[in-house]
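See structure below.
There are 2 protein chains.
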Amino acid sequence: MRILIADDDPQMLRALRITLTARGYEVETAPDGKAALEVAIRTHPDIVVIDLGMPGLTGIEVIEALRGWTQIPVLVVSGRSESWDKVEALDAGADDYVTKPFSADELLARIRALSRRTPATTDDPVVTFGDVTVDLAARLVTRAGEHVRLTPTEWRLLEVLLRSHDKLVTRETLLTEVWGPQYTTDTGYLRLYLSQLRKKLEPEPSKPRYLLTEAGMGYRFTT
Amino acid sequence: MRILIADDDPQMLRALRITLTARGYEVETAPDGKAALEVAIRTHPDIVVIDLGMPGLTGIEVIEALRGWTQIPVLVVSGRSESWDKVEALDAGADDYVTKPFSADELLARIRALSRRTPATTDDPVVTFGDVTVDLAARLVTRAGEHVRLTPTEWRLLEVLLRSHDKLVTRETLLTEVWGPQYTTDTGYLRLYLSQLRKKLEPEPSKPRYLLTEAGMGYRFTT
DNA sequence: GTTCGGCGTTAGGGAACCGTTAGGACTTCG
DNA sequence: CGAAGTCCTAACGGTTCCCTAACGCCGAAC
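Just so you know, the sequences run in chain order L and S.
Those letters in the first sequence? Residues 1 to 223, by the working numbering.
Those letters in the second sequence? Residues 1001 to 1223, by the working numbering.
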């Protein structure tokens, strides 16, 4: 369980790191909003604890940026106790709001409450199948640890299929999403790029196991 | 969106009911823990707001009882601000803890934060009969866990029949929906494709149990 | 008993669809 | 200007699907 703590107060960072590490959490830290986003993208923490009063990007902006690509729980820590601040942070996408000063026990309990709720609801931006790992947020595809290069078109196509996990995606939908609404009859594109994706991602490209064809209808990604 | 409020203070109940109703929430109330559990079981609210200091069952016990059968979000409201109380409630299964007095805006924001996290209703409408399950949205048909492949025409035909559950669908309607308005006399198509569907879906294709023929009229899907 | 119409089933050919390869046009970047 | 990379076009066998045709079954009418 990995936690990202973003706070500009070195003393607070150190205290939290010690407390959380002692409880078995893996801790990443960031001293400002920009660093927090970078670390979040790089390490994909399971929970983010963020201080609102940081230099540079405001905490609110960081939350909104995170919400652009992930549903990971965000716990806000703030010295401001006005209800308006809480409303703003919660409506920006935060999941909880704790006012300083707070007890370590309370923070830990709230972290447990948040993490308890995640496995069921979160749509994990990382999809794995076979020896392939696709990080939808970071636009990163690896296969047996090796980086796989996808062209922009291949990526868009794969993204649409992965986001509709197990669902059939019609040719029309795929063409609209990837090439635009005016290409809904150029099914040759699909055959071409599906072939390339399979060559790069399937264990046996000639016998697809994850990127399936439903003749006459469309394609389906399944694990 | 339905909210259950459990509090022994009638004044608080009334205030919350007014506030929440004004925001478009449907409100159920309970004056004590026992009633809260009963109402929760009966009405299946989307969120529970519960006061810890109620007579009879303690709030903690109510939370634990709820968690025995549901993951619905629980927001605790309490006059006690000791961190130990918060830890106990959160670890019992509560999702959030607000200390009285609190502002209505904050409560509403926390309710929004909790409800935002439960679009877990991502389940598609599914029709099941025998050992067959049909997911209309995903266009997925499984039989005893195995994926059943349907051709586009078979799928359209099955879809029309399933959407008219238990109702007789005339040959003309089926032909129009599947093949188009100009084929309303080609009843041979129906015999052919119904046969194929039964072969793929019926336990005994020669003695249909779900895809029934109404001689001279049309077909009917029934469970 | 025979005839007849509606229904279910099977088989086969033509058409549409699919996967794949190769090569040229275009953009990007050094 | 050249090189690398990407996208599109074209064409090929192979596969799947749909429609046509024919036959057997069954119950109702004669």
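Every residue gets a Cβ at the ideal spot worked out from N, C-alpha and C, and that includes glycine.
Computed from a prediction, not measured in an experiment: that's the story for all the values here.
Residue i lies in the beta strand (DSSP E); which residues open and close that run?
i, result
"alanine 1214 of chain S", "Going by the sequence as given, residue 1214 of chain S is glutamate instead of alanine. That run of the beta strand (DSSP E) goes 1211-1214."
"glycine 1059 of chain S", "First-last for glycine 1059 of chain S: 1059-1067, but that is the alpha helix (DSSP H), not the beta strand (DSSP E)."
"isoleucine 1050 of chain S", "1047-1051"
"leucine 168 of chain L", "168-170"
In the structure shown, what three-state DSSP assignment does residue i receive?
i, result
"serine 1083 of chain S", "helix"
"aspartate 1007 of chain S", "coil"
"valine 178 of chain L", "helix"
"threonine 1142 of chain S", "strand"
"isoleucine 18 of chain L", "helix"
"aspartate 1222 of chain S", "Contrary to the premise, residue 1222 of chain S reads as threonine rather than aspartate in this sequence. Of the three classes helix, strand and coil, the one that applies to threonine 1222 of chain S here is coil, per DSSP."
"threonine 128 of chain L", "strand"
"lysine 204 of chain L", "A quick correction: the sequence has glutamate, not lysine, at residue 204 of chain L. Residue state, collapsed to three classes: coil."
"threonine 133 of chain L", "strand"
So the alpha helix (DSSP H) residue i belongs to, where does it begin and stop?
i, result
"valine 1039 of chain S", "1033-1043"
"tyrosine 1193 of chain S", "1187-1201"
"threonine 252 of chain L", "Because chain L in this structure spans residues 1 to 223, residue 252 of chain L falls outside the shown range and cannot be described."
"alanine 1109 of chain S", "1104-1116"
Can you tell me which residues form a DSSP beta bridge with residue i?
i, result
"serine 1078 of chain S", "S/Thr1099"
"arginine 1002 of chain S", "S/Glu1026"
I'd like to know if residue i contacts chain L, where contact means its C-beta is closer than 9 angstroms to some C-beta of that chain.
i, result
"threonine 1151 of chain S", "yes"
"tyrosine 1189 of chain S", "no"
"leucine 1016 of chain S", "no"
"serine 1103 of chain S", "yes"
"glycine 1218 of chain S", "no"
"aspartate 1095 of chain S", "yes"
"arginine 1143 of chain S", "no"
"alanine 1022 of chain S", "no"
"lysine 1086 of chain S", "yes"
"arginine 1116 of chain S", "yes"
"threonine 1140 of chain S", "Strictly speaking, residue 1140 of chain S in this sequence is leucine, with threonine absent from that position. True, the Cβ-Cβ gap to chain L drops below 9 angstroms."
"alanine 1215 of chain S", "no"
"arginine 1002 of chain S", "no"
"leucine 1201 of chain S", "no"
"aspartate 1007 of chain S", "no"
"leucine 1090 of chain S", "yes"
"arginine 1198 of chain S", "no"
Compare the C-beta of residue i with all C-beta atoms of chain S and state if any pair is closer than 9 angstroms.
i, result
"lysine 100 of chain L", "no"
"serine 78 of chain L", "no"
"serine 83 of chain L", "yes"
"glutamine 182 of chain L", "no"
"leucine 57 of chain L", "no"
"tyrosine 25 of chain L", "no"
"leucine 157 of chain L", "no"
"glutamine 71 of chain L", "yes"
"leucine 168 of chain L", "yes"
"threonine 113 of chain L", "Reading off the sequence shown, one finds alanine at residue 113 of chain L, where the question assumed threonine. Interface residue, yes."
"glutamate 106 of chain L", "yes"
"alanine 40 of chain L", "no"
"glutamate 61 of chain L", "no"
"alanine 65 of chain L", "no"
"aspartate 46 of chain L", "no"
"leucine 161 of chain L", "no"
"arginine 110 of chain L", "yes"
Check: If you pair each beta-carbon of the segment 195-209 of chain L with each one of the segment 1081-1098 of chain S, do three or more pairs fall below 8 angstroms?
Finding: no
Item checked: the segment 1068-1080 of chain S contacting the segment 36-52 of chain L, beta-carbon criterion three pairs below 8 angstroms -> The segment 1068-1080 of chain S, when compared against the segment 36-52 of chain L, does not touch it at the 8 angstroms Cβ threshold.
Note to self: I want to know whether the segment 1077-1093 of chain S touches the segment 1110-1119 of chain S - three or more CB-CB distances under 8 angstroms.
What the structure shows: The segment 1077-1093 of chain S vs the segment 1110-1119 of chain S: no contact.
Note to self: Using 8 angstroms as the cut-off, can you tell me whether the segment 1020-1039 of chain S makes contact with the segment 187-196 of chain L, which would need three or more C-beta pairs spanning the two stretches below that distance?
What the structure shows: The segment 187-196 of chain L and the segment 1020-1039 of chain S do not touch, with fewer than three beta-carbon pairs separated by less than 8 angstroms.
Next item on the list: State whether the segment 137-152 of chain L contacts the segment 1141-1153 of chain S, with contact taken as three or more CB pairs (one from each stretch) at a distance under 8 angstroms.
Entry: no
Next item on the list: Evaluate contact between the segment 1168-1182 of chain S and the segment 1033-1047 of chain S, counting only Cβ atoms and requiring at least three cross-stretch pairs below 8 angstroms.
Entry: no
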